[in-house]
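Chemist: My questions all concern the structure below.
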Amino acid sequence: MPDPRTTVLTERQVEVLELRERGHTQREVAEELGTTDSNVSAVERAAAANVEKARRTLELVRTLRAPVRFTVPAGTDFDGLVDRVYARGDEAGIKVAYCRPELYAHLYGLLEEEAGDNRLETSVEIGLTEDGDVNVFTEPAD
């Protein structure tokens, strides 16, 4: 078993996830670990929360490390968002790694949950790397 001390997961979370990945049911996992189905379910939920928190941490770090960072306010439409990314890249002498349709699709894919009617419903932090990649960090919904 991988060493959970090098991750954000507990040893029990790794055990449960490993067994579930092998196709075991919650009941089978519970029996093997000497616990209940509901406890296995709770461990899985906690593991999923830890994984999501780790993913968001990586998003934040990638955005913070980007040499070009800016906030796009709520209400901005996606055409305006794409325009802002290109404008900030031009100002910094960075060639954005996406053509306009690709950038639009990339941003929409990352921000679909933050969008309604083709507009941002929340403000977002954008990071543009030296390589022209575009990172996004959003605050989680309550």
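Residue numbers for the sequence shown follow the working numbering, so the first one is 128 and each next one is one higher. All C-beta atoms in this analysis are idealised placements derived from N, C-alpha and C, irrespective of residue type, glycine included. On a predicted model such as this, the values are computed, not experimentally measured, just so you know.
1) Specify the secondary structure class of aspartate 206 as computed by DSSP and reduced to three states.
2) Under the DSSP definition of a beta bridge, which residues are partnered with glutamate 252?
3) The alpha helix (DSSP H) spanning proline 228 covers which residue range?
4) Would you say leucine 160 and glycine 216 are within 8 Å of each other, going by their C-beta atoms?
5) Please classify leucine 208: is it buried, with 16 or more other beta-carbons within 10 angstroms of its beta-carbon, or exposed?
6) Note down the Cα distance separating alanine 242 from valine 156, rounded to an integer number of angstroms.
7) Nearest to aspartate 260 by alpha carbon, out of Val195, Thr203 and Val251?
8) Report yes if the CB atom of leucine 230 is closer than 8 Å to the CB atom of valine 251, and no otherwise.
9) I'd like the span of the alpha helix (DSSP H) that includes lysine 222, first residue to last.
10) If you follow the alpha helix (DSSP H) that leucine 160 is in, where does it begin and where does it stop?
11) Indicate the three-state DSSP secondary structure (helix, strand or coil) for arginine 246 in the structure shown.
Modeler: Well, looking at it:
1) Start at 1 with the first residue of the sequence shown, and residue 206 comes out as number 79. Three-state DSSP puts aspartate 206 in a helix.
2) Here residue 252 refers to the residue found at position 125 when the sequence shown is read from its first residue. Answer by DSSP bridge pairing, in chain order: Thr198 and Phe264.
3) The residue labelled residue 228 in the question sits at position 101 within the sequence shown. Counting along the chain, the alpha helix (DSSP H) containing proline 228 begins and ends at 227-238.
4) The sequence position of residue 160 within the sequence shown is 33, counting from 1. The sequence position of residue 216 within the sequence shown is 89, counting from 1. It is not a contact, given that the beta carbons lie outside the stated cut-off.
5) One-based indexing of the sequence shown puts residue 208 at position 81. That one is buried.
6) In the sequence shown, residue 242 corresponds to position 115, counting from 1. In the sequence shown, residue 156 corresponds to position 29, counting from 1. One Cα belongs to alanine 242, the other to valine 156, and the distance between them is close to 39 Å.
7) For this step, residue 260 is matched to residue 133 along the sequence shown. Of Val195, Thr203 and Val251, the residue nearest in Cα terms is Val195.
8) Taking the sequence shown and counting its residues from 1, one reaches residue 230 at position 103. Taking the sequence shown and counting its residues from 1, one reaches residue 251 at position 124. No, the pair does not count as a contact, with Cβ atoms beyond the cut-off.
9) Here residue 222 refers to the residue found at position 95 of the sequence shown. Neither: lysine 222 is in no alpha helix (DSSP H) and is coded neither H nor E.
10) As a working note, residue 160 is residue 33 in the sequence shown. Here the alpha helix (DSSP H) through leucine 160 covers 153-160.
11) The residue given as residue 246 occupies position 119 in the sequence shown. Residue state, collapsed to three classes: strand.
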